[in-house]
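Using our numbering, read the sequence shown as starting at 273 and increasing by one per residue.
All C-beta atoms in this analysis are idealised placements derived from N, C-alpha and C, irrespective of residue type, glycine included.
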Amino acid sequence: MKRLLIKILLFVVLGFPVYFCAHRYIYTHYRTPMNELIRRSLKRADSKRPYDRVIVGDSVSRQLFNDKNQAKSKYEHLTTNAATTMLGQYVLLMEYLKHNTVSEIIVLMNPYSMTDDLNRKFTANYVVGTMYRHPYKQYVTQRAERQIRHCRWWFVPVLFSEFPELCLIDYQQVNPKPYVYEVFFSPLSIEYLKLLRDECAKRNILLRLISPPIPAEFKDMDTAFMAQQLVEHGLMVIAPDYFPLKFKPDAMFADELHPKGPYIDEFRNSLGVEWRREGGEIVDRRP
Numbered sequence: 273m274k275r276l277l278i279k280i281l282l283f284v285v286l287g288f289p290v291y292f293c294a295h296r297y298i299y300t301h302y303r304t305p306m307n308e309l310i311r312r313s314l315k316r317a318d319s320k321r322p323y324d325r326v327i328v329g330d331s332v333s334r335q336l337f338n339d340k341n342q343a344k345s346k347y348e349h350l351t352t353n354a355a356t357t358m359l360g361q362y363v364l365l366m367e368y369l370k371h372n373t374v375s376e377i378i379v380l381m382n383p384y385s386m387t388d389d390l391n392r393k394f395t396a397n398y399v400v401g402t403m404y405r406h407p408y409k410q411y412v413t414q415r416a417e418r419q420i421r422h423c424r425w426w427f428v429p430v431l432f433s434e435f436p437e438l439c440l441i442d443y444q445q446v447n448p449k450p451y452v453y454e455v456f457f458s459p460l461s462i463e464y465l466k467l468l469r470d471e472c473a474k475r476n477i478l479l480r481l482i483s484p485p486i487p488a489e490f491k492d493m494d495t496a497f498m499a500q501q502l503v504e505h506g507l508m509v510i511a512p513d514y515f516p517l518k519f520k521p522d523a524m525f526a527d528e529l530h531p532k533g534p535y536i537d538e539f540r541n542s543l544g545v546e547w548r549r550e551g552g553e554i555v556d557r558r559p
């Protein structure tokens, strides 16, 4: 019995770190169900595409602009989710700009998505695990790197990996998730919006920051601080239409943010984005 316990202990002490590191390597370098969405967007961004306009954004924006209506659109749809953060959106756009000439970029994200400071549920899985490596690491600022290294993990105290938390599916920091009505632009969002603004100015690209409609139950949301942040950081120039926010009846939403299927077209049309392509569909079979 004693020998059996020793063997079990040795397996746990020696075997688990090996398994964990192997799992992290697979997750970081290969497509898995958890990171498929962001990896697909990265692959498309890292290629020559037939679109000179791009839309990035959160999961609500992905409901409105996705693969199903890509062929009918004037825009490349690189929409992912809120956990991608503005760091991830910036990486996608910079990779796209390497291979394509762009005239317009739309960042379509609701106020809640803008609060993410690399501390939201799935952020480690979606953005850090897939983008904190070559060649995307060049876009990680010093502050973002400090924030990544500040990430806490809760499973085991010692693992032989620089960022062991990346393998923890459904990883989340200790910090509590903010409620939807606690809205602000996180330091990360501000930093990368400014970088994107400056990059677009150099390339003569029209940059627009837009919010999709949100439920009417949040009509009392205090967005004054968000607007003040945009003004203080010189970002109102890219977001003249972000405020006032657009509100829709609560009955149109499946949850606190996402519209129900029958209302998706109405939500898309309310943005004032002329997205439909004239002259038929673009047939493009590249991933």
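Looking only at its chain, what residues have a beta carbon closer than 7 Å to the beta carbon of residue i, apart from the 5 residues adjacent to it on each side?
{"i": "Leu-498", "result": "Note that residue 498 is Met in the sequence shown, not Leu. Within the same chain, Met-498 has close Cβ partners Pro-383, Val-455, Phe-456 and Phe-457."}
{"i": "Ala-523", "result": "none"}
{"i": "Leu-468", "result": "Tyr-362, Leu-365 and Leu-479"}
{"i": "Lys-532", "result": "Met-524, Phe-525 and Ala-526"}
{"i": "Val-503", "result": "none"}
{"i": "Asp-389", "result": "Gln-419, Ser-458, Pro-459 and Leu-460"}
{"i": "Ile-486", "result": "Asn-382, Leu-517, Phe-519 and Leu-529"}
{"i": "Pro-534", "result": "none"}
{"i": "Glu-417", "result": "none"}
{"i": "His-505", "result": "Ile-462 and Lys-466"}
{"i": "Ser-542", "result": "Pro-485 and Lys-518"}
{"i": "Leu-281", "result": "none"}
{"i": "Val-545", "result": "Ile-378"}
Find out if the Cβ-Cβ distance for the pair residue i, residue j is shorter than 7 Å.
{"i": "Ser-319", "j": "Leu-350", "result": "no"}
{"i": "Pro-484", "j": "Val-332", "result": "yes"}
{"i": "Ile-477", "j": "Ile-377", "result": "yes"}
{"i": "Val-412", "j": "Thr-356", "result": "no"}
{"i": "Leu-507", "j": "Leu-465", "result": "yes"}
{"i": "Phe-519", "j": "Ala-488", "result": "yes"}
{"i": "Lys-346", "j": "Arg-549", "result": "yes"}
Between which residues of its own chain and residue i is the CB-CB distance below 8 Å, once the five residues before and five after are set aside?
{"i": "Arg-415", "result": "Pro-459, Leu-460 and Glu-463"}
{"i": "Asp-324", "result": "Asn-372, Thr-373, Val-374, Ser-375 and Glu-376"}
{"i": "Arg-475", "result": "Leu-369 and Val-374"}
Residue i: which of the options sits nearest, CA to CA?
{"i": "Tyr-408", "options": "Asn-353, Cys-472 and Ile-310", "result": "Ile-310"}
{"i": "Met-403", "options": "Val-374, Ala-317, Pro-487 and Val-326", "result": "Ala-317"}
{"i": "Ser-385", "options": "Arg-334, Arg-405, Ile-280 and Lys-474", "result": "Arg-334"}
{"i": "Glu-308", "options": "Gly-401, His-505 and Ala-473", "result": "Gly-401"}
{"i": "Glu-367", "options": "Leu-336, Asn-391 and Gln-410", "result": "Gln-410"}
{"i": "Glu-471", "options": "Gly-544, Pro-534 and Leu-369", "result": "Leu-369"}
{"i": "Phe-490", "options": "Arg-475, Ala-473, Pro-521 and Gln-500", "result": "Pro-521"}
{"i": "Asn-391", "options": "Ala-354, His-406 and Arg-405", "result": "Ala-354"}
Between residue i and the rest of its own chain, which residues show a CB-CB distance below 6 Å, the 5 nearest in sequence each way excluded?
{"i": "Phe-435", "result": "Any answer about Phe-435 is weak, because its pLDDT of 43 lies below 50 and its placement is not dependable; what the coordinates show is given next. Once the five neighbours on either side are set aside, Phe-435 has no close Cβ partner at all."}
{"i": "Leu-481", "result": "Val-379, Ile-510, Ala-511 and Tyr-514"}
{"i": "Phe-337", "result": "Ile-327, His-349 and Thr-351"}
{"i": "Pro-448", "result": "Confidence at Pro-448 is low in this model, with a pLDDT of 46, below 50, so the placement of that residue should be treated as unreliable; the coordinate-derived value is given next. Excluding positions up to five away in sequence, the list is empty."}
{"i": "Gln-501", "result": "Phe-457"}
{"i": "Asp-494", "result": "none"}
{"i": "Arg-260", "result": "Any question about residue 260 goes unanswered here, given that the chain covers just 273 to 559."}
(message) Quick test of the definition: if touching needs 3 or more C-beta pairs under 8 Å, does the segment 391–411 touch the segment 346–360?
(response) Segments in contact, yes.
Quiz item: Taking only runs of the alpha helix (DSSP H) that begin and end inside the segment 453–493, which ones reach a length of at least 4 residues, in chain order?
Solution: For the alpha helix (DSSP H) assignment, the uninterrupted runs of no fewer than 4 residues enclosed by the segment 453–493 are, from N- to C-terminal side, 459–475.
(message) Which runs of the beta strand (DSSP E) at least 3 residues long sit entirely within the segment 352–431? Give them in chain order.
(response) Within the segment 352–431, the complete beta strand (DSSP E) runs of at least 3 residues fall at 376–380.
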